[in-house]
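Remarks on the structure that follows.
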Amino acid sequence: MTISQQHTPVVIVGAGPSGLMMAAQLLRHGVQPVIIDSKQGPTTHSKALAVQARSMEIYRQMGIIDKVLNDGKRGGGVQFNQDGEEVASLSLANVGEMQTVFPFIQMYPQSKNERLLLDFITLNCCPVYWNTSLLSLSQDTGKVTLKLQSGEDKQTITCDWLVAADGAHSTVRKQLSIPFNGDTYQHQFYLADIKIEADFGDKVNLFLSKKGFAGFFPMPDERSYRVVGNLPDEFDKKDELQIEEVLPHLRNVTQQQIIVEHTNWFTTYRLHHRMADKFRQQRCFLIGDAAHIHSPVGGQGMNTGLQDANNLAWKLAGVVNNQLKVSVLDSYAQERMPVAKELLNTTDRIFKMILSRNWFINLLKKYLLPVVLKWVWSKPNLREAFFKRVSQTGVSYRDSAINLNLSHASHIKAGDRLPYLKVFDEKREVETDLHEWCNKPGFTLICLGKLKELDLFTIAKWITQNYGASLNFFYLPPSTKNQHIFDAFAIKENQKKALITRPDMHIGFLNDVVDIDMMDNYLLNVVGVKPIIVHGS
(Lines of atoms letter the chains of each structure in order from A and count residues from 1; the text may use other names and numbers.)
(Lines give C-alpha, C1' and ligand atoms only; values in the text may rest on other atoms or scores of the structure.)
Protein backbone atom coordinates (compact mmCIF):
# COMPACT_ATOMS: atom_id res chain seq x y z
CA MET A 1 0.00 0.00 0.00
CA THR A 2 1.55 3.31 -1.08
CA ILE A 3 1.41 6.24 1.32
CA SER A 4 -0.39 9.02 -0.53
CA GLN A 5 1.12 12.02 1.25
CA GLN A 6 4.79 12.79 0.57
CA HIS A 7 5.11 14.86 3.72
CA THR A 8 3.33 14.36 7.05
CA PRO A 9 3.73 15.91 10.52
CA VAL A 10 4.40 12.62 12.39
CA VAL A 11 5.44 9.14 11.28
CA ILE A 12 5.20 6.28 13.80
CA VAL A 13 7.32 3.21 13.05
CA GLY A 14 5.77 0.16 14.71
CA ALA A 15 2.11 -0.75 15.29
CA GLY A 16 2.39 -2.66 18.56
CA PRO A 17 0.68 -1.34 21.73
CA SER A 18 3.05 1.65 22.12
CA GLY A 19 2.82 2.75 18.48
CA LEU A 20 -0.96 2.32 18.35
CA MET A 21 -1.39 4.25 21.62
CA MET A 22 0.82 6.99 20.17
CA ALA A 23 -1.38 7.20 17.07
CA ALA A 24 -4.59 7.15 19.15
CA GLN A 25 -3.43 9.93 21.46
CA LEU A 26 -2.23 12.09 18.56
CA LEU A 27 -5.66 11.68 16.95
CA ARG A 28 -7.35 12.69 20.23
CA HIS A 29 -5.30 15.88 20.15
CA GLY A 30 -6.09 16.66 16.52
CA VAL A 31 -3.01 15.31 14.69
CA GLN A 32 -3.26 12.74 11.87
CA PRO A 33 -0.10 10.57 11.92
CA VAL A 34 1.18 7.99 9.46
CA ILE A 35 1.83 4.63 11.14
CA ILE A 36 3.81 1.82 9.44
CA ASP A 37 4.78 -1.71 10.45
CA SER A 38 6.81 -4.42 8.73
CA LYS A 39 4.42 -7.13 9.99
CA GLN A 40 1.45 -8.37 7.93
CA GLY A 41 -1.05 -7.32 10.63
CA PRO A 42 -1.65 -7.10 14.38
CA THR A 43 -0.38 -9.91 16.62
CA THR A 44 -2.58 -12.95 17.15
CA HIS A 45 -0.48 -14.07 20.15
CA SER A 46 -1.43 -12.97 23.64
CA LYS A 47 2.12 -11.77 24.55
CA ALA A 48 1.89 -9.24 27.43
CA LEU A 49 -1.02 -10.08 29.74
CA ALA A 50 -1.55 -7.52 32.50
CA VAL A 51 -3.11 -4.09 32.12
CA GLN A 52 -2.33 -1.98 35.17
CA ALA A 53 -4.58 0.64 36.77
CA ARG A 54 -2.69 3.61 35.27
CA SER A 55 -3.17 2.23 31.74
CA MET A 56 -6.86 1.62 32.44
CA GLU A 57 -7.19 5.25 33.55
CA ILE A 58 -5.83 6.26 30.15
CA TYR A 59 -8.32 3.96 28.40
CA ARG A 60 -11.09 5.53 30.48
CA GLN A 61 -9.95 9.01 29.42
CA MET A 62 -10.20 7.81 25.80
CA GLY A 63 -13.74 6.46 26.33
CA ILE A 64 -12.88 2.79 25.58
CA ILE A 65 -12.49 1.30 29.06
CA ASP A 66 -15.72 -0.77 28.95
CA LYS A 67 -14.25 -3.18 26.39
CA VAL A 68 -11.16 -3.75 28.57
CA LEU A 69 -13.35 -4.51 31.60
CA ASN A 70 -15.84 -6.71 29.74
CA ASP A 71 -13.33 -8.74 27.71
CA GLY A 72 -10.69 -9.17 30.42
CA LYS A 73 -10.42 -10.86 33.80
CA ARG A 74 -9.40 -9.46 37.17
CA GLY A 75 -6.28 -10.95 38.70
CA GLY A 76 -7.33 -12.41 42.05
CA GLY A 77 -3.92 -12.38 43.67
CA VAL A 78 -0.59 -14.18 43.86
CA GLN A 79 0.04 -17.60 45.39
CA PHE A 80 3.63 -18.65 46.17
CA ASN A 81 4.46 -22.35 46.12
CA GLN A 82 7.69 -24.04 47.25
CA ASP A 83 8.30 -27.58 46.02
CA GLY A 84 4.62 -27.90 45.16
CA GLU A 85 3.31 -26.69 48.54
CA GLU A 86 1.56 -23.34 49.07
CA VAL A 87 3.63 -21.09 51.37
CA ALA A 88 1.91 -17.71 50.94
CA SER A 89 -1.23 -16.36 49.27
CA LEU A 90 -1.78 -12.65 48.71
CA SER A 91 -5.17 -11.34 47.62
CA LEU A 92 -5.19 -8.53 45.06
CA ALA A 93 -8.94 -7.98 45.31
CA ASN A 94 -9.39 -4.19 45.51
CA VAL A 95 -5.84 -3.81 46.85
CA GLY A 96 -5.78 -0.25 45.47
CA GLU A 97 -9.13 0.76 47.01
CA MET A 98 -9.56 4.58 47.14
CA GLN A 99 -6.41 5.07 45.02
CA THR A 100 -8.02 4.59 41.63
CA VAL A 101 -11.32 3.70 40.00
CA PHE A 102 -9.54 0.44 38.99
CA PRO A 103 -8.08 -0.97 42.24
CA PHE A 104 -6.97 -4.27 40.66
CA ILE A 105 -4.84 -5.81 37.92
CA GLN A 106 -6.74 -6.68 34.72
CA MET A 107 -5.73 -9.68 32.62
CA TYR A 108 -6.24 -8.39 29.08
CA PRO A 109 -3.70 -9.76 26.57
CA GLN A 110 -1.57 -7.66 24.25
CA SER A 111 -3.46 -8.99 21.21
CA LYS A 112 -6.69 -7.52 22.62
CA ASN A 113 -4.99 -4.22 23.50
CA GLU A 114 -3.75 -3.94 19.93
CA ARG A 115 -7.19 -4.71 18.50
CA LEU A 116 -8.81 -2.17 20.84
CA LEU A 117 -6.40 0.60 19.80
CA LEU A 118 -6.54 -0.41 16.14
CA ASP A 119 -10.34 -0.06 16.23
CA PHE A 120 -9.94 3.39 17.82
CA ILE A 121 -7.57 4.73 15.17
CA THR A 122 -9.60 3.11 12.34
CA LEU A 123 -12.76 4.88 13.56
CA ASN A 124 -10.70 8.09 13.38
CA CYS A 125 -9.76 7.36 9.75
CA CYS A 126 -6.11 6.53 10.42
CA PRO A 127 -4.94 3.38 8.58
CA VAL A 128 -1.90 1.28 9.50
CA TYR A 129 0.40 0.68 6.53
CA TRP A 130 1.23 -2.98 7.18
CA ASN A 131 4.00 -4.84 5.35
CA THR A 132 5.92 -1.56 5.14
CA SER A 133 9.55 -1.57 6.28
CA LEU A 134 11.89 1.30 7.08
CA LEU A 135 15.04 0.94 4.94
CA SER A 136 16.85 4.08 6.08
CA LEU A 137 16.38 7.50 7.62
CA SER A 138 18.21 10.77 7.71
CA GLN A 139 17.36 14.00 9.48
CA ASP A 140 18.34 17.64 9.40
CA THR A 141 17.15 20.70 11.32
CA GLY A 142 13.90 20.88 9.34
CA LYS A 143 12.70 17.33 8.65
CA VAL A 144 13.24 13.57 8.71
CA THR A 145 13.56 11.70 5.40
CA LEU A 146 12.47 8.05 5.33
CA LYS A 147 13.07 5.40 2.67
CA LEU A 148 10.35 2.73 2.88
CA GLN A 149 9.64 -0.57 1.19
CA SER A 150 6.26 -2.27 0.80
CA GLY A 151 6.47 -5.50 -1.17
CA GLU A 152 8.43 -4.64 -4.31
CA ASP A 153 7.64 -0.93 -4.08
CA LYS A 154 10.05 1.60 -2.61
CA GLN A 155 9.02 5.07 -1.55
CA THR A 156 10.59 8.15 0.04
CA ILE A 157 8.56 10.35 2.40
CA THR A 158 9.41 13.15 4.81
CA CYS A 159 7.99 14.11 8.19
CA ASP A 160 8.51 16.75 10.86
CA TRP A 161 8.83 14.20 13.68
CA LEU A 162 9.49 10.47 13.88
CA VAL A 163 8.41 8.18 16.74
CA ALA A 164 10.15 4.79 16.99
CA ALA A 165 7.86 2.15 18.48
CA ASP A 166 9.50 -0.70 16.57
CA GLY A 167 10.47 -2.90 19.49
CA ALA A 168 13.63 -4.28 21.06
CA HIS A 169 15.36 -4.70 17.67
CA SER A 170 14.40 -1.15 16.63
CA THR A 171 15.61 -0.24 13.14
CA VAL A 172 15.23 3.45 14.01
CA ARG A 173 17.42 3.15 17.13
CA LYS A 174 20.09 1.29 15.13
CA GLN A 175 19.96 3.84 12.28
CA LEU A 176 20.46 6.61 14.84
CA SER A 177 23.39 4.67 16.41
CA ILE A 178 21.90 5.05 19.90
CA PRO A 179 23.54 2.51 22.28
CA PHE A 180 21.17 -0.03 23.88
CA ASN A 181 23.07 -0.89 27.04
CA GLY A 182 22.31 -3.80 29.34
CA ASP A 183 22.64 -7.55 29.35
CA THR A 184 21.04 -10.87 28.44
CA TYR A 185 19.96 -13.25 31.20
CA GLN A 186 21.98 -16.45 31.24
CA HIS A 187 19.02 -18.84 31.19
CA GLN A 188 16.69 -19.69 28.35
CA PHE A 189 12.95 -19.42 28.99
CA TYR A 190 9.77 -20.88 27.57
CA LEU A 191 6.34 -19.33 27.24
CA ALA A 192 3.12 -21.25 26.63
CA ASP A 193 -0.54 -20.30 26.36
CA ILE A 194 -2.36 -23.48 27.29
CA LYS A 195 -5.66 -24.92 28.46
CA ILE A 196 -5.18 -27.48 31.23
CA GLU A 197 -7.31 -30.00 33.12
CA ALA A 198 -6.54 -28.46 36.51
CA ASP A 199 -7.98 -25.13 37.66
CA PHE A 200 -5.66 -22.79 39.57
CA GLY A 201 -8.43 -20.21 39.97
CA ASP A 202 -7.95 -16.49 39.33
CA LYS A 203 -4.63 -16.12 41.14
CA VAL A 204 -1.17 -16.01 39.59
CA ASN A 205 0.56 -19.18 40.83
CA LEU A 206 4.34 -18.95 41.19
CA PHE A 207 6.20 -22.22 41.72
CA LEU A 208 9.75 -22.06 43.10
CA SER A 209 12.07 -25.02 43.54
CA LYS A 210 15.76 -25.92 43.26
CA LYS A 211 15.00 -27.20 39.76
CA GLY A 212 13.77 -23.81 38.57
CA PHE A 213 10.62 -21.72 38.55
CA ALA A 214 7.30 -21.55 36.71
CA GLY A 215 4.51 -18.99 36.75
CA PHE A 216 0.87 -19.69 35.82
CA PHE A 217 -1.00 -16.50 34.85
CA PRO A 218 -4.80 -16.76 34.48
CA MET A 219 -6.21 -15.75 31.12
CA PRO A 220 -9.83 -14.67 30.43
CA ASP A 221 -10.90 -18.13 29.12
CA GLU A 222 -11.73 -20.87 31.62
CA ARG A 223 -8.77 -23.05 32.75
CA SER A 224 -6.51 -21.16 30.34
CA TYR A 225 -3.10 -19.96 31.53
CA ARG A 226 0.02 -18.26 30.35
CA VAL A 227 2.92 -20.35 31.65
CA VAL A 228 6.41 -18.87 31.88
CA GLY A 229 9.43 -20.72 33.19
CA ASN A 230 13.16 -21.30 32.83
CA LEU A 231 14.47 -24.24 30.85
CA PRO A 232 16.99 -26.70 32.30
CA ASP A 233 20.57 -26.27 31.05
CA GLU A 234 20.40 -29.37 28.80
CA PHE A 235 17.80 -27.60 26.61
CA ASP A 236 19.96 -24.52 26.06
CA LYS A 237 21.24 -25.47 22.62
CA LYS A 238 18.23 -27.48 21.47
CA ASP A 239 16.35 -26.03 18.47
CA GLU A 240 12.61 -26.26 17.76
CA LEU A 241 11.69 -27.43 21.24
CA GLN A 242 8.12 -28.70 21.70
CA ILE A 243 5.91 -28.28 24.78
CA GLU A 244 5.76 -32.06 25.27
CA GLU A 245 9.52 -32.06 25.89
CA VAL A 246 9.18 -29.34 28.54
CA LEU A 247 6.24 -30.88 30.44
CA PRO A 248 8.35 -33.34 32.53
CA HIS A 249 10.48 -30.42 33.76
CA LEU A 250 7.35 -28.34 34.48
CA ARG A 251 5.85 -31.18 36.50
CA ASN A 252 9.10 -31.52 38.46
CA VAL A 253 9.14 -27.81 39.33
CA THR A 254 5.44 -27.63 40.26
CA GLN A 255 5.07 -31.11 41.74
CA GLN A 256 1.69 -31.08 39.96
CA GLN A 257 0.32 -33.46 37.34
CA ILE A 258 -0.08 -30.84 34.58
CA ILE A 259 -2.19 -32.24 31.72
CA VAL A 260 -2.46 -29.99 28.66
CA GLU A 261 -5.75 -30.10 26.77
CA HIS A 262 -4.80 -27.54 24.13
CA THR A 263 -1.77 -25.40 23.24
CA ASN A 264 -2.46 -22.01 21.63
CA TRP A 265 1.13 -20.84 21.58
CA PHE A 266 4.54 -22.13 22.62
CA THR A 267 7.89 -20.44 22.20
CA THR A 268 11.35 -20.31 23.76
CA TYR A 269 13.41 -17.16 24.11
CA ARG A 270 16.13 -15.32 25.99
CA LEU A 271 15.32 -12.34 28.18
CA HIS A 272 17.18 -9.05 28.10
CA HIS A 273 17.33 -5.99 30.32
CA ARG A 274 18.47 -2.97 28.32
CA MET A 275 17.86 0.76 28.02
CA ALA A 276 18.68 3.25 25.28
CA ASP A 277 21.30 5.90 26.11
CA LYS A 278 18.83 8.58 25.06
CA PHE A 279 15.12 8.64 24.24
CA ARG A 280 15.41 11.48 21.74
CA GLN A 281 17.81 12.44 18.98
CA GLN A 282 16.90 15.68 17.19
CA ARG A 283 13.52 14.98 15.53
CA CYS A 284 13.32 11.28 16.47
CA PHE A 285 11.89 9.77 19.68
CA LEU A 286 12.06 6.26 21.12
CA ILE A 287 9.12 4.77 23.04
CA GLY A 288 8.26 1.34 24.49
CA ASP A 289 10.59 -1.60 23.83
CA ALA A 290 12.63 0.49 21.38
CA ALA A 291 13.68 2.55 24.42
CA HIS A 292 13.77 -0.05 27.22
CA ILE A 293 13.24 -3.78 27.77
CA HIS A 294 13.23 -5.69 31.04
CA SER A 295 12.12 -8.93 32.65
CA PRO A 296 8.36 -9.63 32.76
CA VAL A 297 8.25 -9.37 36.57
CA GLY A 298 5.14 -7.47 37.67
CA GLY A 299 3.61 -7.06 34.20
CA GLN A 300 5.23 -3.66 33.59
CA GLY A 301 6.56 -3.75 30.01
CA MET A 302 3.53 -3.07 27.83
CA ASN A 303 2.12 -0.63 30.40
CA THR A 304 5.33 1.41 30.46
CA GLY A 305 5.23 1.66 26.66
CA LEU A 306 1.59 2.80 26.70
CA GLN A 307 2.52 5.50 29.19
CA ASP A 308 5.59 6.59 27.20
CA ALA A 309 3.17 7.26 24.32
CA ASN A 310 0.68 9.03 26.58
CA ASN A 311 3.44 11.30 27.90
CA LEU A 312 4.90 12.21 24.50
CA ALA A 313 1.73 12.48 22.39
CA TRP A 314 0.16 15.60 23.95
CA LYS A 315 3.48 17.45 23.81
CA LEU A 316 4.13 16.50 20.18
CA ALA A 317 0.54 17.33 19.19
CA GLY A 318 0.86 20.73 20.90
CA VAL A 319 4.00 21.51 18.86
CA VAL A 320 2.50 20.25 15.58
CA ASN A 321 -0.68 22.28 16.17
CA ASN A 322 1.42 25.36 17.03
CA GLN A 323 -0.14 25.47 20.53
CA LEU A 324 3.08 24.69 22.45
CA LYS A 325 6.67 25.85 22.05
CA VAL A 326 9.05 23.18 20.76
CA SER A 327 11.00 23.28 24.06
CA VAL A 328 8.22 21.21 25.73
CA LEU A 329 9.55 18.16 23.86
CA ASP A 330 12.71 18.17 26.00
CA SER A 331 10.57 17.06 28.94
CA TYR A 332 9.72 13.66 27.39
CA ALA A 333 13.15 12.10 28.01
CA GLN A 334 13.58 14.10 31.23
CA GLU A 335 10.39 12.54 32.64
CA ARG A 336 10.38 9.03 31.19
CA MET A 337 14.06 8.00 31.40
CA PRO A 338 14.14 7.94 35.25
CA VAL A 339 10.93 5.85 35.24
CA ALA A 340 12.45 3.30 32.84
CA LYS A 341 15.76 3.20 34.73
CA GLU A 342 14.12 2.54 38.11
CA LEU A 343 11.86 -0.12 36.61
CA LEU A 344 14.83 -1.81 34.97
CA ASN A 345 16.76 -1.94 38.25
CA THR A 346 13.79 -3.16 40.32
CA THR A 347 12.68 -5.94 37.95
CA ASP A 348 16.31 -7.03 37.44
CA ARG A 349 16.92 -7.44 41.19
CA ILE A 350 13.70 -9.41 41.74
CA PHE A 351 14.24 -11.60 38.68
CA LYS A 352 17.83 -12.46 39.65
CA MET A 353 16.63 -13.49 43.09
CA ILE A 354 13.91 -15.74 41.60
CA LEU A 355 16.43 -17.40 39.26
CA SER A 356 19.32 -17.66 41.75
CA ARG A 357 20.78 -21.11 42.41
CA ASN A 358 22.85 -19.85 45.33
CA TRP A 359 22.22 -22.12 48.34
CA PHE A 360 21.91 -19.22 50.79
CA ILE A 361 19.42 -17.29 48.63
CA ASN A 362 17.44 -20.52 48.14
CA LEU A 363 17.25 -20.91 51.92
CA LEU A 364 15.99 -17.32 52.20
CA LYS A 365 13.39 -17.97 49.50
CA LYS A 366 12.22 -21.12 51.22
CA TYR A 367 12.01 -19.99 54.83
CA LEU A 368 12.19 -16.18 55.03
CA LEU A 369 10.30 -15.07 51.91
CA PRO A 370 6.88 -16.48 52.96
CA VAL A 371 7.17 -14.83 56.40
CA VAL A 372 8.20 -11.46 54.91
CA LEU A 373 5.41 -11.55 52.29
CA LYS A 374 2.70 -12.29 54.86
CA TRP A 375 4.03 -9.55 57.17
CA VAL A 376 4.15 -6.96 54.34
CA TRP A 377 0.62 -7.85 53.22
CA SER A 378 -0.70 -7.42 56.76
CA LYS A 379 0.36 -3.73 56.76
CA PRO A 380 -2.11 -1.45 54.89
CA ASN A 381 0.53 1.23 54.19
CA LEU A 382 2.93 -1.34 52.69
CA ARG A 383 0.13 -2.87 50.61
CA GLU A 384 -0.70 0.63 49.34
CA ALA A 385 2.95 1.29 48.47
CA PHE A 386 3.12 -2.05 46.62
CA PHE A 387 0.01 -1.24 44.57
CA LYS A 388 1.27 2.26 43.71
CA ARG A 389 4.45 0.78 42.29
CA VAL A 390 2.92 -2.15 40.39
CA SER A 391 -0.08 -0.17 39.07
CA GLN A 392 2.24 2.72 38.04
CA THR A 393 -0.18 5.17 39.68
CA GLY A 394 2.75 6.26 41.87
CA VAL A 395 4.83 7.52 38.92
CA SER A 396 5.61 11.19 39.49
CA TYR A 397 7.49 13.89 37.58
CA ARG A 398 8.17 16.26 40.48
CA ASP A 399 11.61 17.22 39.11
CA SER A 400 10.35 18.02 35.60
CA ALA A 401 11.06 21.46 34.15
CA ILE A 402 7.45 21.83 32.91
CA ASN A 403 5.89 21.72 36.40
CA LEU A 404 5.59 24.53 38.93
CA ASN A 405 4.86 23.84 42.61
CA LEU A 406 3.86 26.93 44.61
CA SER A 407 2.04 25.05 47.35
CA HIS A 408 3.13 24.32 50.91
CA ALA A 409 1.30 20.98 50.90
CA SER A 410 3.75 18.08 51.25
CA HIS A 411 1.55 15.10 50.36
CA ILE A 412 0.51 16.20 46.85
CA LYS A 413 2.87 18.24 44.67
CA ALA A 414 3.13 19.38 41.07
CA GLY A 415 4.36 16.48 38.97
CA ASP A 416 2.24 13.89 40.79
CA ARG A 417 -0.57 12.06 39.06
CA LEU A 418 -3.84 13.78 39.92
CA PRO A 419 -5.24 11.76 42.84
CA TYR A 420 -8.43 9.81 42.27
CA LEU A 421 -11.02 11.56 44.48
CA LYS A 422 -14.78 11.29 44.22
CA VAL A 423 -16.70 14.55 43.82
CA PHE A 424 -20.32 15.22 44.64
CA ASP A 425 -21.73 17.64 42.08
CA GLU A 426 -24.08 19.81 44.16
CA LYS A 427 -25.84 21.35 41.13
CA ARG A 428 -26.63 18.12 39.27
CA GLU A 429 -26.75 16.04 42.48
CA VAL A 430 -24.62 13.26 40.98
CA GLU A 431 -21.31 11.70 41.97
CA THR A 432 -18.34 12.08 39.67
CA ASP A 433 -14.56 12.24 40.28
CA LEU A 434 -11.57 14.46 39.55
CA HIS A 435 -10.31 12.12 36.82
CA GLU A 436 -13.59 12.41 34.93
CA TRP A 437 -13.13 16.20 34.95
CA CYS A 438 -9.94 15.63 32.94
CA ASN A 439 -11.42 13.44 30.20
CA LYS A 440 -11.34 16.15 27.53
CA PRO A 441 -8.07 16.78 25.63
CA GLY A 442 -6.15 19.81 26.84
CA PHE A 443 -5.17 21.22 30.24
CA THR A 444 -7.69 21.36 33.08
CA LEU A 445 -7.83 24.19 35.63
CA ILE A 446 -9.45 23.22 38.93
CA CYS A 447 -10.11 25.96 41.51
CA LEU A 448 -10.85 24.77 45.04
CA GLY A 449 -12.32 27.08 47.70
CA LYS A 450 -14.90 29.87 47.91
CA LEU A 451 -14.68 32.28 44.95
CA LYS A 452 -16.89 35.30 44.26
CA GLU A 453 -19.04 35.33 41.14
CA LEU A 454 -16.96 38.20 39.73
CA ASP A 455 -13.74 36.15 40.23
CA LEU A 456 -15.26 33.19 38.40
CA PHE A 457 -16.39 35.43 35.56
CA THR A 458 -12.89 36.97 35.32
CA ILE A 459 -11.24 33.52 35.16
CA ALA A 460 -13.70 32.30 32.51
CA LYS A 461 -13.10 35.45 30.42
CA TRP A 462 -9.30 35.06 30.74
CA ILE A 463 -9.52 31.44 29.52
CA THR A 464 -11.84 32.28 26.60
CA GLN A 465 -9.68 35.18 25.38
CA ASN A 466 -6.29 33.48 25.79
CA TYR A 467 -6.60 29.70 25.74
CA GLY A 468 -10.05 28.70 24.47
CA ALA A 469 -10.75 24.94 24.37
CA SER A 470 -7.12 24.08 25.26
CA LEU A 471 -7.86 24.94 28.94
CA ASN A 472 -10.91 23.33 30.58
CA PHE A 473 -12.22 24.88 33.82
CA PHE A 474 -13.85 23.38 36.93
CA TYR A 475 -14.72 25.05 40.21
CA LEU A 476 -15.38 23.30 43.52
CA PRO A 477 -16.62 25.38 46.46
CA PRO A 478 -16.36 24.02 50.02
CA SER A 479 -19.07 21.57 51.10
CA THR A 480 -19.49 18.83 53.67
CA LYS A 481 -19.76 16.12 51.00
CA ASN A 482 -16.50 17.20 49.33
CA GLN A 483 -14.48 17.93 52.47
CA HIS A 484 -12.22 14.91 51.77
CA ILE A 485 -10.90 16.69 48.64
CA PHE A 486 -10.00 19.79 50.65
CA ASP A 487 -8.32 17.57 53.25
CA ALA A 488 -6.33 15.70 50.59
CA PHE A 489 -4.96 18.99 49.20
CA ALA A 490 -4.35 20.35 52.74
CA ILE A 491 -6.70 23.32 52.19
CA LYS A 492 -7.50 25.17 55.40
CA GLU A 493 -10.73 27.03 56.13
CA ASN A 494 -11.20 30.13 53.92
CA GLN A 495 -8.14 29.11 51.86
CA LYS A 496 -8.20 28.65 48.07
CA LYS A 497 -6.10 26.48 45.81
CA ALA A 498 -5.52 26.36 42.05
CA LEU A 499 -4.22 23.38 40.16
CA ILE A 500 -3.67 22.91 36.44
CA THR A 501 -3.64 19.31 35.31
CA ARG A 502 -1.72 18.41 32.18
CA PRO A 503 -3.40 16.41 29.38
CA ASP A 504 -1.76 13.22 30.75
CA MET A 505 -3.48 13.77 34.13
CA HIS A 506 -0.33 14.78 36.00
CA ILE A 507 -0.50 18.01 38.00
CA GLY A 508 1.54 20.67 36.22
CA PHE A 509 0.80 23.64 38.48
CA LEU A 510 -0.21 23.79 42.14
CA ASN A 511 -0.67 27.04 44.06
CA ASP A 512 -2.10 27.98 47.46
CA VAL A 513 -3.82 31.02 45.91
CA VAL A 514 -5.97 31.53 42.82
CA ASP A 515 -3.96 34.10 40.87
CA ILE A 516 -4.42 34.65 37.12
CA ASP A 517 -0.96 36.18 36.64
CA MET A 518 0.71 33.17 38.27
CA MET A 519 -1.35 30.74 36.18
CA ASP A 520 -0.56 32.75 33.06
CA ASN A 521 3.15 32.61 33.92
CA TYR A 522 2.99 28.82 34.31
CA LEU A 523 1.20 28.24 31.01
CA LEU A 524 3.20 30.76 28.96
CA ASN A 525 6.68 30.53 30.44
CA VAL A 526 6.95 27.11 32.11
CA VAL A 527 5.01 24.84 29.72
CA GLY A 528 5.31 27.15 26.72
CA VAL A 529 1.64 27.44 25.70
CA LYS A 530 1.08 29.81 22.81
CA PRO A 531 -1.99 31.92 23.65
CA ILE A 532 -4.77 32.61 21.16
CA ILE A 533 -4.26 36.37 21.54
CA VAL A 534 -0.88 37.67 22.65
CA HIS A 535 -1.19 40.12 25.58
CA GLY A 536 -0.94 43.72 24.49
CA SER A 537 -1.84 43.02 20.86
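Residue numbering for the sequence shown is 1 to 537, as defined by UniProt numbering. We put the CB at the ideal spot given by N, CA and C, even for glycine. All values derive from a computational prediction rather than experimental measurement.
Here's the rule: buried if 16 or more other CB atoms are within 10 angstroms of the residue's CB, otherwise exposed. What is Arg-502?
buried
Quick one, which of Leu-448, Leu-510, Lys-461 and Lys-481 has its alpha-carbon nearest Gln-495's?
Leu-448
List the whole-angstrom C-beta distance separating Pro-419 from Ala-488, where the pair is believed to meet the contact cut-off of C-beta under 8 Å.
6 Å
Between the alpha carbons of Tyr-190 and Lys-73, how many angstroms are there, rounded?
23 Å
Use the C-beta contact count for Lys-315: other C-beta atoms within 10 angstroms, 16 or more gives buried, fewer gives exposed.
buried
Classify Gln-6 as buried or exposed, calling it buried when 16 or more other Cβ atoms lie within 10 Å of its own Cβ.
exposed
Quick check: does the Cβ of Gln-5 come within less than 7 Å of any heavy atom belonging to the ligand GTP?
Summarising the ligand content, the structure contains no ligands, and the ligand GTP is consequently not present.
What first and last residue would you give for the beta strand (DSSP E) that runs through Ser-378?
Careful: Ser-378 lies outside any beta strand (DSSP E) and carries neither H nor E.
Sequence ranges, alpha helix (DSSP H) only - wholly within the segment 188-276, length at least 4:
243-254
Could you tell me the distance, in whole angstroms, from the CA atom of Ala-48 to the CA atom of His-411?
33 Å
Close beta carbons around Gln-40, own chain, < 8 Å, minus the five adjacent residues each side
Trp-130 and Asn-131
What would DSSP say about Glu-436, mapped onto helix, strand or coil?
helix
Between Thr-171, Asp-202, Ala-214 and Phe-200, which has its C-alpha nearest Gln-188's C-alpha?
Ala-214
Name the DSSP beta bridge partners of Arg-74, please?
Gln-106
Can the beta-carbon of Ile-287 be found less than 8 Å from the beta-carbon of Ala-317?
no
Ranges of the beta strand (DSSP E) found wholly within the segment 85-151, counting only runs of at least 3
85-91, 132-139 and 144-150
Among Lys-210, Ile-516, Tyr-225 and Gly-442, the one whose alpha carbon lies nearest that of Gln-255:
Lys-210
Range of the contiguous alpha helix (DSSP H) that encloses Ala-460
453-466
So, using beta-carbon positions, are Ile-258 and Leu-250 closer together than 8 Å?
yes
Can you name, in chain order, every residue of its own chain whose Cβ lies under 7 Å from the Cβ of Asn-311, other than the five neighbours on each side?
Tyr-332, Glu-335, Arg-336 and Asp-504
Given a threshold of 16 other Cβ atoms within 10 Å of its Cβ, counted over all protein chains shown, does Leu-60 qualify as buried or as exposed?
Leu is not the amino acid found at residue 60; the sequence shown has Arg there. Arg-60 is buried by the Cβ-count criterion.
Taking Lys-497 as part of the beta strand (DSSP E), name the residues at either end of that continuous run.
497-501
Between which two residues does the beta strand (DSSP E) containing Gln-155 stretch?
153-164
Assigned secondary structure, Arg-280 (DSSP; H/G/I helix, E/B strand, else coil):
strand
Which one of Trp-377, Thr-393, Leu-368 and His-294 has the shortest CA to CA distance from Thr-346?
His-294
Measure the alpha-carbon distance for Glu-97 versus Val-227 and round it to whole angstroms.
29 Å
Integer Cβ distance of Arg-414 from Leu-421, believed to fall under 8 Å:
In the sequence as displayed, the identity of residue 414 is Ala instead of Arg. With a Cβ gap of about 17 Å, Ala-414 and Leu-421 do not count as contacting.
According to DSSP, is Gln-40 helix, strand or coil?
coil
Distance between beta carbons of Phe-207 and Val-253, contact taken as under 8 Å:
5 Å
Tell me the DSSP bridge mates of His-7?
Thr-158
On the three-state DSSP scale, how would you describe Tyr-475?
strand
Which residue wins for smallest C-alpha separation from Thr-156, given the options Leu-343, Lys-450, Thr-2 and Gln-323?
Thr-2
CA-to-CA distance, Gly-229 to Gln-242, given in whole angstroms
14 Å
With 16 other Cβ atoms within 10 Å as the buried cut-off, status of Leu-306:
buried
Close beta carbons around Phe-200, own chain, < 6 Å, minus the five adjacent residues each side:
Phe-216
Roughly how many angstroms lie between the CA atoms of Gln-392 and Asn-439, to the nearest whole one?
19 Å
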